[in-house]
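Letter by letter, the sequence shown follows residues -19 to 297 in this note's numbering.
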Amino acid sequence: MHLRHILRPAVVTLTLSLAAPAHAADPVFPPASRVGLAVPAGFTPSARFLGFENQQASALIVINELPADAYADIEKGFSDDAALKSRGWTVQVREPLTFKDGKGFFVAGPQESNNQKRYESVLAATMSGMTALISVQMIEASHATITDALVRDMFKSMTVRASVPDSERLAILPYKIDELAKFRVVRSAAQGVALLTDGPKDEVVAVEQPFMLIGLAPGAAPKPEERDAFAKRVFSSAPGIKEVKITRAEPLRIGQAQGYEIVADAKDAGTGTDVTTVQWIRFGQNAYLQMFGIARKATWKDVFPRLRQVRDSIEPK
-19 MHLRHILRPA VVTLTLSLAA PAHAADPVFP PASRVGLAVP AGFTPSARFL
31 GFENQQASAL IVINELPADA YADIEKGFSD DAALKSRGWT VQVREPLTFK
81 DGKGFFVAGP QESNNQKRYE SVLAATMSGM TALISVQMIE ASHATITDAL
131 VRDMFKSMTV RASVPDSERL AILPYKIDEL AKFRVVRSAA QGVALLTDGP
181 KDEVVAVEQP FMLIGLAPGA APKPEERDAF AKRVFSSAPG IKEVKITRAE
231 PLRIGQAQGY EIVADAKDAG TGTDVTTVQW IRFGQNAYLQ MFGIARKATW
281 KDVFPRLRQV RDSIEPK
């Protein structure tokens, strides 16, 4: 199972206007991000997404952090100008960029969608064991002041820090995790997604390390008689496993809330490795918390109690 299949984000497309302040001297890191940029003055880290925004200028800089091996696919996807133009983006600038420990490319040009004209600049870079995909967008009129040169200088300032403290990753979540039970936080997002693992690797192949994925989803709690079918439907979308055999499926209380547990044996879809998985759903009034844990079957007896410790420590902020 590749974690990138779970967390690889889509490139966000947004309509905005952008002003043209001067660059800051030092890179600024949004909370829980490894990527820092010397952003133009007036930009602050966003509480809504990974990146920066200038509300007065209606401007956004969106950062996507991806696995290192994502770079080749991204480079290929951005190499076909005709395909990009068919989606409304006319590339006028295409330049390679070199970093101290990596490489990248910068593309920019006008974009039209739904009768709205914008100008978009994108940096894709691979360095320090990761791929960064950064998008800056503006209304067409703003390009007169937010020039390609200004954006290029910002992109050249990109810095990647070695790691992000767990405390920083946890702080942006809309809920508290009071007990990590020897897991560490690999990814987190303000929308409520958290990825935990136990081991040195951030990218896990064939479930070399146990991991736990936590996410929030909107929706009213189903009626008690509907929860079994609801939980199994959610569980059926679990990625990267095959030959699933559910060994336990039952309601339970999680903290002060109603919940549902599914435990299943399965095989890793890529390698056939025997794994065991658990899904917990904690129902709320307007949303539910989904917790999915997985480990190799041989280690399950050790891992499962620690997954439960994490589950039981989660509370709303």
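Don't be surprised by glycine CBs; every beta carbon is placed ideally from N, CA and C.
Which value, in whole angstroms, describes the spacing of the CA atoms of residue i and residue j?
i    : j    : result
P180 : P190 : 11 Å
I119 : A50  : 29 Å
K156 : L113 : 29 Å
A12  : V165 : 10 Å
G273 : L17  : 34 Å
L40  : E100 : 11 Å
P1   : L130 : Confidence at P1 is low in this model, with a pLDDT of 39, below 50, so its placement is unreliable and no value can be given for it.
V224 : F86  : 44 Å
T257 : L153 : 24 Å
V144 : R167 : 9 Å
I234 : P219 : 24 Å
May I ask you to report which of helix, strand or coil DSSP gives residue i?
i    : result
V173 : coil
D245 : strand
A275 : strand
E148 : helix
V290 : helix
L17  : strand
F32  : strand
A267 : strand
P7   : coil
P180 : coil
I believe residue i touches residue j by the beta-carbon criterion, under 8 Å. Please report the beta-carbon distance rounded to the nearest angstrom.
i    : j    : result
F135 : L77  : 6 Å
Q298 : A161 : As displayed, the chain neither begins before -19 nor continues past 297, which places residue 298 out of reach and without an answer.
V102 : S93  : That belief does not hold up - the Cβ atoms of V102 and S93 are roughly 15 Å apart, past 8 Å.
R277 : D254 : At residue 277 the sequence reads Lys, which differs from the Arg that was named. That pair is a contact at about 4 Å.
F263 : A229 : Not confirmed; about 15 Å, so no contact.
A105 : G84  : 3 Å
Could you check where the alpha helix (DSSP H) with residue i kicks off and where it finishes?
i    : result
K136 : D128 to K136
D326 : This structure cannot settle anything about residue 326, because the visible part of the chain is limited to -19 through 297.
F215 : R207 to F215
L64  : D61 to S66
Note the first and the last residue of the continuous beta strand (DSSP E) segment covering residue i.
i    : result
V185 : Where V185 is concerned, there is no enclosing beta strand (DSSP E), given that its DSSP letter is neither H nor E.
V42  : A39 to P47
R164 : R164 to S168
E295 : I294 to P296
V224 : I221 to I234
D53  : Not the beta strand (DSSP E): D53 falls in the alpha helix (DSSP H), residues Y51 to G57.
K156 : Y155 to I157
L193 : F191 to P198
**Request:** Starting from the N-terminal side, write out each stretch of the beta strand (DSSP E) that is 3 residues or longer and does not extend beyond the segment 68 to 114.
**Result:** 73 to 79, 82 to 93 and 96 to 107
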